[in-house]
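Q: Before I ask anything, let me first share the structure, which is written out below as structure tokens.
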Amino acid sequence: MLEIALPIGFGLIVVALVLNLYRLLRGPTLPDRALALDTMYINAIALIVLYGIANDSKLYFEAGMLIALIGFVSTVAVAKYMTRGDIIE
Amino acid sequence: MEAMVAVMIAVLVGTGVYLVLRARTFPVILGITLLSYGVNLFVFISGRLALDQPPIAGAGPSTDPLPQALVLTAIVIGFAMTAFLVVLALRGQGETGTDHVDGQRDDGGEA
Amino acid sequence: MEHLIIAPILIPAFAGMLLLLEVRERQPLRRFTGMLSVLALLPVAWLLYQQAAGGEIQVYRLGDWAAPFGIVLVLDKLSALMVLLCTVLAVPALLYACRADDKRGANFHALFQLQLMGINGAFLTGDLFNLFVFFEVLLIASYGLALHGRGPARVRAGIHYVVLNLIGSALFLVALGLVYGTTGTLNMADFAVKVNQLDGGALELARVAGLLMWVVFGLKAALFPLYFWLPATYANATAGVAALFAIMTKVGVYAVARVYGLAFEQGALAGLGRDALWIMALLTLLLASIGVLGARRLGEMVAYTVVMSVGTLMAGLAWSSPESFGAMLYYLIHTTLVSGGLFLLADLVARGRGKLGDQLVAGPAPAGRAGLGLLFFIGAVAVIGLPPLSGFMGKVALLQTVPAPLYWLFLLGGGLLALVGLSRAGSTLFWRATGDGAERRLDRPRLLATVLLLAAAPVLSIWAEPVLEATVAVAAQWAQPQLYIDAVLGGGA
Amino acid sequence: MDTLVEFLVSAAILVGGVFALVGSFGLARLPDFYLRLHGPTKASTLGVGGTIFASLLFFSWQEQALQLQELLIVLFLFITAPVSAHMLAKAAMHRQLRRREDTRGRPWKQ
Amino acid sequence: MRKLLPFPLLSLFLWLTWLLLNGFSWGHGLLGLVLAVVLPLGTRPFWPNVPHLRNFPKLVRFVLVVHWDIVTANLAVARLILGSPRKLRPAFVELPLELEDDFAITLLASTISLTPGTVSADVSEDRRTLLIHALDMDDEAELVAQIKQRYERPLKEIFEC
Amino acid sequence: MTLAVLVLLPFVGAALPLLADRLRASRTVLALSAALMPALALVLLIAPAGLVFDGQTVHAALPWVPSLGLALSFRLDGLALLFALLVLGIGLLVILYARYYLSAQEKAGRFFAFLLLFMGAMLGVVTSDNLLLLVLFWELTSLSSFLLIGFWSHQSAARKGARMALTVTGMGGLALLAGVLLIGQIVGSYSLGDALASGDLIRASELYPLILGLVLLGVFTKSAQFPFHFWLPHAMAAPTPVSAYLHSATMVKAGVFLLARFYPMLAGTNLWFDVVTLAGMATLLWGAAVALFQHDLKGLLAYSTISHLGLITLLFGLNSELAAVAAVFHIINHATFKASLFMAAGIIDHETGTRDMRRINGLWKYMPYTAVLAMVASAAMAGVPLLNGFLSKEMFFAETLESSRLGAMSWVLPLGATLGGVFSVAYSARFIHDVFFNGEPVNLPKFPPHEPPRYMKVPVEILVALCVAVGVLPSITVAGLLAVAAAATLGGELPEYHLAVWHGLNLPLMMSVVALVGGVLVYSSRNWLFRQYARLPEINANLIFERRIQGLARGAAALSNFLRNGSLQSYAAWLLTLVALVLLVHLSPAVLDGQRALLPLDGVSLLAGVMLVVAALITAILHRHRMTAIMSMSVVGLVVSLAFVRLSAPDLALTQLSVEIVTLLLLMLAMYFLPVRTRMESGWPRILRDLLLSVIIGGGVGVMAFAMMTSDFQSISGYFLENAKPGGGGTNVVNVILVDFRGFDTFGEITVLGIAAMGIYAMLRDLDLLSAPSDSLGRPWARDAHPLVLVTISRPLLPLALLISVYIFLRGHNLPGGGFIAGLITSVALLLQYVASGVAWVHRRMPGDYHPVVAVGLLLAGITGVASWFFGHPFLTSTFDYLYWPLVGKFEVASAMLFDIGVFLTVVGATLLMLANLGKLSLLDDKAKEGA
Ligand code: NA
Ligand code: NA
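Residue numbers (my numbering), protein chains in the order written: chain P, 84 to 172; chain G, 356 to 466; chain V, 90 to 582; chain H, 249 to 358; chain D, 2 to 162; chain W, 41 to 972.
The following block contains the structure:
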């Protein structure tokens, strides 16, 4: 069962990532692109978690945790740049 | 897998080279960054590819740890260099009033 | 005493760190710390040189891991000589900076010390990746130093310098990837052994690795067509920095000498890239001497003489006989110290002339015109290679050991072009002076620093024999890579 | 592996994957930025949540002990993801991005 | 105690996090405790004013409610997204805030964003109003009432009163 | 040994006048101090001279640089003695003369020092017994003469003349060096004696023509032979004592000295004859003819000197022993009469204030005594009987008649010689008539002229007396010296010859008569000749030379600037082209011979790979839309991180992810000050070129990557895997490599980070940057600087992130993690505080200078390394142990952890030092705006 579910899960998430990339390229506005990048980061977490299950390894957990904890800082920085220009003021 | 990684490296190095050859500091920064990605991957694969064999001693078969250590060093150094270049670009903007790599003003004059 | 070998790296490293800790910017304290460090380096470098001169190659196993697994420092005659040279150059360069420009930006002294750390590390390391790391140390410090001070010209030159070297670093990494990917090692001695056991595709890849290293080292050394960054960078750096930079190109020369001597002198890839280096060196020599003639600023002119010397040296290296290598090393010592001195002199002149700086147009006479003129005369004579100073000795040594007509033509012809250029420069600066310059009198310590470096010209000439004997001994050891390899890998250690 | 556990793990994986995809699908397809902004919320909640739940079950079963580490990912994501969305919304309003004409109410001036 | 544990909830949170990360052992329990005390103390200056937890059970209940809402809302929103976008009825809604504490307001805003279908877009400068964007809104008053009832009121009880 | 001391004496002596000048000594004392050492040298010369007259050669040698074959070895034979006497003798006279010539304002000390320097160099040239030493002194004469010619450096002519002389003679010197090195190669030694003895060997060598060419280039430039003669007249810008000394008696004689010195080695071949004779003849005629038309007194003398040097050269070229004797003889004679003539010219210049013969007339009336001296010397120059010039000229005429090398054309030589004689007489006549008679002076700057001070005339008197003495009684006066000098020149027996005023009525005498009569005739038709000459286009060698040099310099600058065109794009293209060449030439399909089994490619990896490729390409294509490019580059970074996950490198994934975030922060900080778009600047040719380079290099690196991945290899890594736990105390092998096996790399790496931060700090300090007052769409920036939600969330994240950092740090040794990643997480958490709450807010809560953090981090790492010394181990040797605590249980303590804390602190300090200061930049800008 898991042998079927895992590939499907991977497939779903990768397709999600591709859709994100599409939005990132398509834009049309900067916030759209930033949003797409943010979503990619989140989907990447899911991908990493699945990868951990697939390989029966917990070594990849920290990578996911790291994105969850500080990945948003990128998005915040871009958003702040768009609103204030100056991200540290 | 190997072919795909090779293509990734090729594209990263290629785009890096192209951007490094642009006339403004900003694309050059992008280029250096892409080049670093490609080159780091290149060093990384010098230990050959291995799937799910993290270099943890005593946990089964392990990939070559040395290139990973080298790449880690290279990433850090690359970050330091990129940061320096970014600030240098700002310094250039501040002192020459343009972000042209040769300090050429857009009106053709020199600062 | 066994730890002495790492002192040339650690002394400036710790000095740099302590300087960084000093946040209140007490300039006298910073100067004191910096000078203390370089002065402490002098006896250390001398002792190390004496140790190496004994003939035994010392290997220092960092972390107590044996080569090829751990990183080793290797003190042979060549590395000891280079460390000594770097130290001897650093003292006056720093002295000058302390009296001139060290306040014109932040962190000068820390950067200066860490620059020394990087240079000495590059000379001492026996590991290729560690060489990369020390290259980066010396480069990043040099970026900081090159940009020390202000001004658009400096920033422009800085951008060029930094970007080119970043590309260079990327190329170096590609080469290192190939080195490890084919031979499975990073230790230089081990690489020299393993590269000879390669065949087929791996050997081809190792060849590319070697050639890429030449490109990278050629960029550091400033060989044609990779020297274009140098004149602007050096000419726009503050004087003390430019003087110290006189050894930076030699790091590139050293790196080629080291790797070539170990891995490519003989064996499967014998003579790798030798012809290309030879041609590039000759073109460098030719074009740089043309550059000297065409230069419009004294600093730029001196910078071009640095490039000339690189061509001269690389050709001597590419000839790759022990004799030519010995002669090349003598010339290397001479040119490093003298061009360092000339950079300082250019600054003295520029300061003395006020707004005109070191531009080669008639202007007010700098204070102490006669003295400066004499120093310029000495430096120019040495750089051109006219008797009786060190440049003449070096050129004669090279001409005797590199009997190639083209080299003779370019070396002597280049000397003539430099003669024309420098005599015009000297005539304009010291003879065509109109009125008095900006500064009333010369600053004694600055003058002292300049004199100390330019004194190398007569000193190296008078004691040419002992120096040549020493460099020939260095070359003899260099020509026997097996000694190095055995010392690093031997004894089953 | 227990079939039930395996079933649950598989189901969780599929749920996670589907919601991740739905979120990204929304991001790709919805007509204006403010609508698209809702997409990632799916991914960061049920998308990641599903996979994390799968992981929890899987490793707890594998090691026959409760493994709750992965919960931290969800926890952190719940803390941080709203901030991203909030900041992006502010950015969009600042830039006065075009919104669908039938949108009721109006964004604030920044 | 007050001095040692200025933010007991935070400390607890950190301690639990530590144990989640490392698994339970006496060693980690101890080390985690040390960290749970030291880190908030060390970052004390970064906490100008933090509300005190008044009602822990309500907090637990609130968390459960939010999770439940996330799951159900996800299903609802998935249908919306997969369906025709034309049918969507997007809206900006201004929610008048009763909460006064910054922390509580932030929690409310986050909760709103986490539950699919609504995103909190801005907080007014006077912190009296929250701007929400809804994916598909039927009736503004209903949405406002729902948010107030399900999230704002519990939060007020948990942190303020 | 006396000899060595003697040669070096003038060098020592150079210091004396400088010293005297310092002590403000009178000019007489100055001159005396200058004369002291030459006089002493002359005295010391007496003893060895005696030996030389006895037919011996005196040697002295000190070792100098045996490795190069360079020794301080000297020889005194007849030739050297002759020249030593000229150098010292005339040198002393010139010093005496200069005492009166130099005005009080001039820096006489320096003048005499240069003069003595030159004297020493010249003495060195003539006495060197080592070829390299000879070249050394040879170049020294060029250098010291450069200083002397340029002595009046305020005059443009002096500067130009000096540079021209240095350039021309310097070139010759370099050629001579090459020639000498070749001789040394053939002979196997640089000893002059060995070389002279190896004449046959050298002449037989296939390098002989080259050697001859190089040596003659040295000779001809130095002795101003055609076509290198042009510098000499312009050297007349020097003070007259210098002209008298260098440009008549000594330096220009160095060239012909070398002909004499190398005569046994190089002469005797047809090539020698052809080149040397012809050059001599051309010079003789050209110089003599042009001399007549000079209106400048010194110009006339200069061209006459050229002519006489041509005569001497011609004699040496004839390959006849007698001719060589005559040449040596003429060297002596020319030195005496020409030095006295220059001095006389100097006196006239001194007394009248001009050297223009069109204004100087009838001086006989005002300075009859000087006139007599000058007239006698001129007569000697003209070859009038009973004066020394007559004797050697007679021999010269005779020798031109002897040569048969030119076959049927042999008459050319005597004809040319006679013609030269005619002009020689003519210009001598002009010197006498036009200066001392020919009416009244015209508009002299100083009028009326007087006789010079008594002692200024003494040197002239002595020299003129010598002219007469030799001319009348050659066998008593000069014969001995000539004999030993000529013998030394020929390196063997002397031929038969007689020094006598009267040899009977013979052809040479007829030629003399023709010359005298013809000369007088030519001079009498001078007005017509001058008019013809004036019609010729004026050739100012100085101007031409200067223009050539300037053109050369301009060309050089143009070439240099063409290559070094100030364009980074061009420099980078050079570098990358070189790389592309390496790849194109050396990357054959042969590299793809690997046998390693390939890993399967799964769909997920493939799609991820495609995403990376697309994102990278988009970054490149859309790079002008900067924000878009940044975002797509972030995608690349993300996929690279994922690739590290996939390819068994969790540490790298963590590192890449955290670096990625910091880098993005950095870029966003920078973008505030940079344009948001890049203009389209490259034309298609450049874009195509760059694309080509990209494809070649990218493709090449990709091919190499593939080749590497598909081939097996042996590496040292097994050692790390085996020893990480037992030797390094950790199971995360990457981390153990980083902090232990290759801890030194890491030490360097964090140093790089620290330096970068320092450098960035330095660059940012006092940097004025204009930030955009509005966003890229032209709207004013939003008001909300510190959004509530962001601020509130950022604060609990700080302790949380610190907790995670501790976690990541502690596990690093055994599992993915470590000081670097932990440091980056902490940094990001702190930076988030800056972003959310602003610089001022953060700095009220924590110190804002991160220098000490970097320093402490680096020091900690360094000190940990040094600590191992105290346990007798090398730098950075790590140690670890397992401790047992109640409750806690067993845990590991490793010194490497301390090192890793150093890494952690450095990362935190450096990252914040960079980014926080970059963030602060806008504050300065705000202040600036407020101020404005
Ligand atoms: Na800022
Ligand atoms: Na006259």
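We treat Cβ as the ideally placed atom computed from N, Cα and C, and that holds for glycine.
Does the distance from the C-beta atom of L522 (chain W) to that of F369 (chain W) stay below 7 Å?
A: Yes.
Q: At least one CB of chain P closer than 7 Å to the CB of I701 (chain W): is that the case?
A: For I701 (chain W), the answer is yes, since a Cβ of chain P falls inside 7 Å of its Cβ.
Q: Taking Cβ-Cβ distances shorter than 7 Å, what residues in chain V pair up with Q754 (chain W)?
A: Correct list: G273.
Q: Tell me whether T470 (chain G) is buried or exposed, calling it buried when 16 or more other Cβ atoms sit within 10 Å of its Cβ.
A: Outside the shown range of chain G, which is 356 to 466, sits residue 470 (chain G), and nothing can be said about it.
Q: If you draw a straight line from the alpha carbon of A466 (chain G) to that of G247 (chain V), how long is it in whole angstroms?
A: Low confidence applies to A466 (chain G): its pLDDT is 43, below 50, so where it sits in the model is not reliable enough to give any reading.
Q: Taking a Cβ distance cut-off of 8 Å, strictly less, list which residues of the segment 110–133 of chain P are near chain H, in chain order.
A: Of all residues in the segment 110–133 of chain P, T112, L113, P114, D115, A117, L118, A119, D121, T122, I125, N126, I128, A129, V132 and L133 have a Cβ within less than 8 Å of some Cβ in chain H.
Q: What residues in the segment 315–348 of chain V have a beta carbon less than 7 Å from any beta carbon of chain W?
A: So the list reads L315, F317, W318 and P320, given in the order they occur along the chain.
Q: Anyone know if the C-beta pair for T919 (chain W) and S935 (chain W) falls short of 7 Å?
A: Their beta carbons are under 7 Å apart, which means T919 (chain W) touches S935 (chain W) by this criterion.
Q: The alpha helix (DSSP H) spanning P179 (chain W) covers which residue range?
A: It is Glu, not Pro, that sits at residue 179 (chain W) in the sequence shown. L171 to I189 is the span of the alpha helix (DSSP H), which, as asked, contains E179 (chain W).
Q: Along chain W, which residues have their Cβ under 9 Å away from the Cβ of N219 (chain V)?
A: The contacting residues are R782, F784, D785 and G788.
Q: If the cut-off is 7 Å on Cβ atoms, which residues from the segment 816–835 of chain W count as contacting chain H, listed in chain order?
A: Answer set for the segment 816–835 of chain W: L817, A822, R823, D824, P827, V829, L830 and I833.
Q: Distance check for T274 (chain V) and L578 (chain V), CA to CA, integer angstroms please.
A: Going from the Cα of L578 (chain V) to the Cα of T274 (chain V) covers about 12 Å.
Q: Closer than 8 Å by beta-carbon distance: list the chain D residues that pair up with F267 (chain H), in chain order.
A: Residues of chain D passing the Cβ test: N75 and A79.
Q: Could you say which of W:G742, W:M496, W:V650 and W:A764 lies nearest to I135 (chain W) if we only look at CA atoms?
A: Considering only alpha carbons, the answer is W:M496.
Q: Would a check of beta-carbon distances place R363 (chain V) closer than 7 Å to chain C?
A: This model lacks chain C altogether; the protein chains it does include are P, G, V, H, D and W.
Q: Which bits of chain W does T428 (chain G) rub up against, with CB to CB less than 7 Å?
A: Going along chain W in sequence order, the residues near T428 (chain G) (Cβ under 7 Å) are D785, T786 and E789.
Q: Suppose the cutoff is 7 Å on Cβ atoms and the five residues either side in sequence are ignored; what does the same chain contact list for S168 (chain W) look like?
A: F114, L174, F177 and L232, listed in sequence order.
Q: Curious, which full-length alpha helix (DSSP H) runs of at least 4 residues does the segment 458–498 of chain V contain?
A: As far as the segment 458–498 of chain V is concerned, its whole alpha helix (DSSP H) runs of at least 4 residues are 458–473 and 479–490.
Q: Rounded to the nearest angstrom, how far is the Cβ of S347 (chain W) from that of A328 (chain W), given a contact under 8 Å?
A: Between A328 (chain W) and S347 (chain W) the Cβ distance is about 4 Å, and since that is below 8 Å, they are a contact.
Q: Taking the alpha-carbon positions, what's the E491 (chain W) to Q195 (chain W) distance?
A: Cα-Cα distance, rounded: 27 Å.
Q: How long is the line joining the alpha carbons of G371 (chain G) and V284 (chain V), rounded to whole angstroms?
A: Looking at the two C-alpha atoms, the distance is approximately 30 Å.
Q: How would you label I153 (chain P), buried or exposed, when you count the other beta carbons within 10 angstroms and need 16 or more for buried?
A: So I153 (chain P) counts as buried.
Q: Return the CA-CA distance between L184 (chain V) and F103 (chain V), expressed in angstroms with no decimal places.
A: Cα to Cα, the separation comes out at about 19 Å.
Q: Once the 5 residues before and after H249 (chain V) are set aside, which same chain residues still bring their CB inside 6 Å of it?
A: Taken in chain order, the residues that qualify are W318.
Q: Please classify Q312 (chain H) as buried or exposed, where buried requires at least 16 other C-beta atoms within 10 Å of its C-beta.
A: When all chains shown are included, Q312 (chain H) counts as exposed.
Q: Would you call A365 (chain G) buried or exposed, if buried means 16 or more other Cβ atoms sit within 10 Å of its Cβ?
A: Classification for A365 (chain G): buried.
Q: Quick check on the burial criterion: 16 or more other C-beta atoms within 10 angstroms. Buried or exposed for Y248 (chain W)?
A: Y248 (chain W) should be labelled buried.
Q: Going by CA-CA distance only, name the one from W:V465, W:T376 and W:P535 that's closest to A505 (chain W).
A: Taking only the C-alpha atoms, the option nearest A505 (chain W) is W:T376.
Q: Evaluate W542 (chain W) with the Cβ neighbour count: other Cβ atoms within 10 Å of its Cβ, from every protein chain shown; 16 or more gives buried, anything less gives exposed.
A: It counts as exposed.
Q: I think S292 (chain H) touches I87 (chain P), with their Cβ atoms under 8 Å apart; what is that distance to the nearest whole Å?
A: No, S292 (chain H) and I87 (chain P) are not in contact; Cβ-Cβ is about 26 Å, not under 8 Å.
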